[in-house]
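Residue numbers (our numbering): 10 to 216. Don't be surprised by glycine CBs; every beta carbon is placed ideally from N, CA and C. A short write-up of the structure that comes next.
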């Protein structure tokens, strides 16, 4: 993976170490187990806090610091999730007029993947079937890192943009059409809620 042109270019441009490359690839792999699901399960649940530090802290820190070195992408992107009776999503979906009123805060405490490819967002894997409830979060300009260079060759392209967690947003408007809830959001700074203090200020390259 490190020998691919895209990764080799990033190693040179961003001074990525072997450990940086390994942890970025590990985040993307799906087999034998999708690491991001384990990581997000702790970051987004009631277990988030001191009890999860020993299990996710070291890996999270390595991943976060590696992502900090990557160029920042600022682009239109979206994410879609099928509700599937997940309590937090179901409550948001059913009460969106109050939970997602204009100006309300919307925070994603884990690594929340966005995509710049509408075909990916609209796929059944993320949007669900026509009769399934789903929420689409659309951001006119999201700031994050491009994870596609670290995608395993066997994985379909997702055009993934990943904001550094926690990613913080304000709701602009929420609209329900059939079983699909579209929420237009605007990204705001996460500085006050960041899990890890930022590195000393350096000039970062943007895409």
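query                                                                                                                                                                                        : result
Tell me the rounded alpha-carbon separation between residue 161 and residue 15.                                                                                                              : 13 Å
Identify which residue in 81, 92, 143 has its Cα closest to the Cα of residue 171.                                                                                                           : 81
Using DSSP with H/G/I as helix, E/B as strand and the rest coil, what is residue 146?                                                                                                        : strand
Which one or two residues does DSSP pair with residue 153 in a beta bridge?                                                                                                                  : 82
In or out: residue 200 buried (at least 16 other Cβ within 10 Å) or exposed?                                                                                                                 : exposed
Please work out which residues of its chain come closer than 6 Å, Cβ to Cβ, to residue 220, disregarding the five sequence neighbours upstream and downstream, and give them in chain order. : Given that the chain is displayed from residue 10 to residue 216, the structure contains no residue 220 and the question cannot be resolved.
Which two residues bound the contiguous beta strand (DSSP E) that contains residue 179?                                                                                                      : 176-186
Would the segment 20-39 and the segment 84-93 be scored as touching if the rule is three or more Cβ pairs under 8 Å?                                                                         : no
Does residue 197 come out as helix, strand or coil in the three-state DSSP assignment?                                                                                                       : strand
Suppose you measure from the CA of residue 109 to the CA of residue 13; what does that come to, to the nearest Å?                                                                            : 42 Å
What residues in its chain sit with their C-beta under 7 Å from that of residue 207, if we drop five residues either side in the sequence?                                                   : none
How should residue 187 be labelled, buried or exposed, when 16 other C-beta atoms within 10 angstroms of its C-beta is the threshold for buried?                                             : exposed
In three-state terms, what does DSSP make of residue 166?                                                                                                                                    : coil
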